[in-house]
Structures are given as C-alpha cells and as structure tokens.
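One structure is given below, encoded as structure tokens.
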Amino acid sequence: MQHLSIGLDLGGTKIEVIVLSSNGETILRERIPTPPKNDFQTPDQQYQAIILAIKTLINTSEATLDYQFNKVGIGIPGAISPTTGLVKNANTTCLIGRAFKQDLEASFKQAKTFMIANDADCFVVSEAKDGAAKNSNSVFGVIIGTGCGGGLVINQQLITGPNAITGEWGHNPLPWLDPSDELIPCYCGKLGCIETFLSGPGFSHHAHQTHSPESKVKLKFDEALSLQLSAQQWHKKLLANDSEAIKIFDTYARRLAKSLASVINIIDPEVIVLGGGMSNIDYLYQRVPELLTEYVFSDEVLTRLVKAEFGDSSGVRGAARLV
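To convert, note that position 41 of the sequence shown is 41 in my numbering; the numbers rise steadily by one, no gaps.
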C-alpha cells in the first residue's frame with residue numbers, strides 16, 4: 001500500500017483537508033465552513049465545534065480511503081508558543097491560550113500525532129517546494145485573506161525563529177503613512193497594523209470608508225468577516241473600469257507595495273508569493289511591482305512577485321508535508 005499524508009488548513013472561513021500521495025498527487029480534498037464565532041455564546045463552544053469539525057474531516061477521510069493516519073499536519077492562523085505549548089497570535093481568537101495539539105490528540109481513541117504549524121509557514125513550504133517559487137533560494141510567502149500572515153523559506157528550509165514568529169509582517173505598522181491612512185485597532189491590541197489595511201476585512205473596511213466617508217463604522221476583525229464579500233464586489237467594478245474602484249485598488253496596491261518593500265529591505269528574497277483571497281486580483285501583479293521602486297532601498301527591484309501556483313490549496317498542501 002502506498003504511503004499517504006494528510007493535512008488540514010484551519011482558516012477563518014473554511015477548514016480544508018487534503019490527502020497527498022508520496023509524489024504529491026492529490027488523492028482526496030474536501031472543505032467545510034469554519035464554525036463561525038457568532039453561532040456560539042462562548043469562545044469555548046466555538047473551540048469545541050472546531051475540534052469536532054477537524055475530527056469529523058479526518059474520520060471521514062480515513063473511512064473513504066480505508067487508510068489509517070498516525071500523523072496529521074495542521075496549519076493554523078497563529079502559532080504554538082515555544083515556552084507554553086499553547087496557541088498564541090491567532091486571529092481565530094477562540095484558539096488563543098489553548099492546548100490545541102493535546103486537545104486534538106485526546107479527541108481520538110486511536111493514537112495520532114498532530115504536527116501543528118502556522119498557516120503561512122505551510123503555504124510558503126508548499127510554494128517553495130514545487131509551486132510558483134520552486135528552484136528559488138529565498139522565498140517569502142504572504143497570505144492576504146482573512147488575516148495577513150507570512151513565512152520564510154531559505155534553501156528549502158522553513159525558518160521559524162526562537163519566538164515562532166518569523167514572517168509576521170502583518171503585525172508591523174503600515175510604513176510611510178499618508179494623511180488619509182486611518183489607523184484602526186487590530187485584534188492583537190495594536191493600532192494601525194498592516195493587517196488592518198491589507199487583509200480582506202481590512203480592504204473592505206477602508207473601501208467602505210472611501211465610498212461612504214460619512215460612515216462611523218469601525219472594523220472588528222473577529223466579527224466582520226462578512227465584509228470580505230465587498231472585496232469581491234469591488235473587484236467586479238475594477239474589471240468594469242469603474243473609476244472609484246480603480247482609485248480604491250490603487251490605494252490598496254500602494255499600501256501593499258510599501259509593506260512588501262519593508263520586507264524586501266530586510267530579507268531581500270528572490271521571490272514573494274502571494275496567497276489568500278486578495279491574491280486573486282491580477283491588477284496587483286502589474287501595479288505593485290511598478291510601485292515597489294519608490295520604497296525599496298535599491299536602484300532596481302529584482303525580487304519577483306508571483307501568484308501562488310496551488311491557489312488556496314497551498315496552505316493545506318504544506319500542512320500535509322509536515323508529516
């Protein structure tokens with residue numbers, strides 16, 4: 001019997017499972033909605049629902065394939081603290097402070113070992129190994145979706161760092177602020193994080209403020225995921241050459257260029273790979289490289305900006321490669 005590996009990607013809006021063969025072929029893939037916060041009275045109830053959803057996906061996969069997985073890889077929108085073993089920095093906030101690995105392992109009667117990593121780390125591992133950045137020596141992977149994560153691979157090795165936060169560019173302040181840049185609170189407790197501008201909810205909030213400047217609505221990141229729908233609506237307007245949409249996306253592209261320039265100035269990667277829902281906007285791959293030259297400390301910017309080859313399956317493929 002051939003060896004199979006299983007991985008899951010826990011996102012803000014969906015949980016995905018994938019089973020890969022030893023040569024990377026997709027054997028099974030399925031996704032379900034992430035149990036939303038607003039459906040529960042307490043964070044613990046949402047957390048238990050997520051545990052159950054993951055358990056169900058694994059059990060269903062095993063039954064479908066008649067295969068028992070002893071090791072499972074999972075990408076999460078946060079990190080495991082090296083000192084406590086608990087989840088930290090998660091934008092799915094019900095995970096914070098939880099013994100996620102231990103709770104998952106305890107939920108199965110038959111022993112399983114769970115390998116847990118940051119979702120952006122899983123994403124960049126996938127794209128650096130056999131995706132859009134294969135054969136590159138240095139790759140910075142960016143997820144701009146529900147949140148704004150990042151990961152770094154050097155010479156095919158994932159760099160995590162002693163604090164398990166390598167690549168967390170989204171929780172630095174937006175650089176080179178313009179007078180029109182409205183600073184809003186991030187779920188992490190800081191003000192004006194890159195994530196509050198470039199994530200799907202961040203884009204939608206700022207687009208709404210531009211379109212309806214009289215609005216007093218303030219974004220709450222763990223309660224406003226439905227605002228991401230407006231990003232899709234604005235994209236349709238952009239494709240129709242709507243002047244307001246062009247203005248909104250140009251502002252977004254400039255903010256993205258500033259933020260990526262600060263990464264290039266420090267790491268100088270060969271390739272930056274974009275993933276997540278906002279990465280599907282083709283306009284960014286033309287406009288952002290044009291703007292990078294204004295902010296990168298070089299006479300020429302040779303870093304390539306590319307779209308993820310495996311799309312929104314990159315993260316879950318990387319999770320399967322953890323085992």
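A virtual CB, placed ideally from N, CA and C, is assigned to each residue, including glycine. None of the values given here were measured: they were computed from a predicted structure.
Cβ distance (whole Å) where residue i is taken to contact residue j below 8 Å
i      : j      : result
Pro343 : Ser259 : Look at the range of the chain in this structure, 1 to 323, and you will see that residue 343 is not part of it.
Ile6   : Ala320 : 6 Å
Arg287 : Ala253 : 4 Å
Val17  : Val296 : Between Val296 and Val17 the Cβ distance is about 39 Å, and since that is not below 8 Å, they are no contact.
Gly151 : Gly167 : 4 Å
Thr303 : Ile264 : 5 Å
Lys88  : Ser81  : 5 Å
Leu4   : Leu65  : 7 Å
Phe310 : Ser126 : 6 Å
Ile27  : Ser21  : 6 Å
Residue i, enclosing beta strand (DSSP E) - first and last residue
i      : result
Phe140 : 138-144
Lys14  : 14-21
Gln157 : 157-159
Glu182 : Here Glu182 belongs to no beta strand (DSSP E), and DSSP marks it neither H nor E.
Pro33  : 26-33
In DSSP terms, what residue i is bridged to
i      : result
Met115 : Gly73
Ala85  : This sequence places Gly at residue 85; Ala is not what is there. Answer is none; Gly85 lacks a bridge partner.
Ile80  : Val87
Asp9   : Glu16, Gly75
Arg317 : Bridge partners of Arg317: none, in fact.
Val306 : Val273
Leu4   : Ser21
Pro175 : Pro175 pairs with nothing; no bridge assigned.
Cys193 : Pro173
Beta carbon of residue i nearer than 9 Å to that of residue j
i      : j      : result
Ala120 : Gly161 : no
Ala133 : Val124 : yes
Gly277 : Asp312 : yes
Pro173 : Cys193 : yes
Cys94  : Asp44  : yes
Val153 : Gly145 : no
Glu244 : His211 : yes
Cys186 : Leu322 : no
Lys190 : Gln156 : no
Ser180 : His208 : no
Glu300 : Ser138 : no
Gly131 : Val273 : yes
Phe197 : Trp234 : no
Val165 : Ala79  : It is Ile, not Val, that sits at residue 165 in the sequence shown. Yes, they are a contact pair.
Thr251 : His205 : no
Asn91  : Glu195 : yes
Lys37  : Gln46  : yes
Terminal residues of the alpha helix (DSSP H) in which residue i lies
i      : result
Gly149 : That residue, Gly149, is in no alpha helix (DSSP H); its beta strand (DSSP E) goes 148-154.
Arg287 : 283-292
Ile246 : 243-267
Gly275 : Careful: Gly275 lies outside any alpha helix (DSSP H), inside the beta strand (DSSP E) at 271-275.
Lys236 : 228-239
Asn59  : 43-65
Lys101 : 100-106
Gln209 : 200-211
Would you be able to state if there are at least three C-beta pairs under 8 Å between the segment 71-85 and the segment 10-17? Yes: at least three Cβ pairs fall under 8 Å.
Could you check whether the segment 269-286 touches the segment 231-244, counting it as contact only if at least three pairs of C-beta atoms, one from each stretch, sit closer than 8 Å? Enough Cβ pairs lie closer than 8 Å, so yes.
Decide yes or no for the touch test of the segment 53-70 against the segment 24-37: beta carbon pairs closer than 8 Å, at least 3 of them. Yes: the two stretches touch, three or more of their Cβ pairs being nearer than 8 Å.
On the three-pair Cβ rule with 8 Å, is the segment 55-69 touching the segment 92-100? Short answer: they don't touch.
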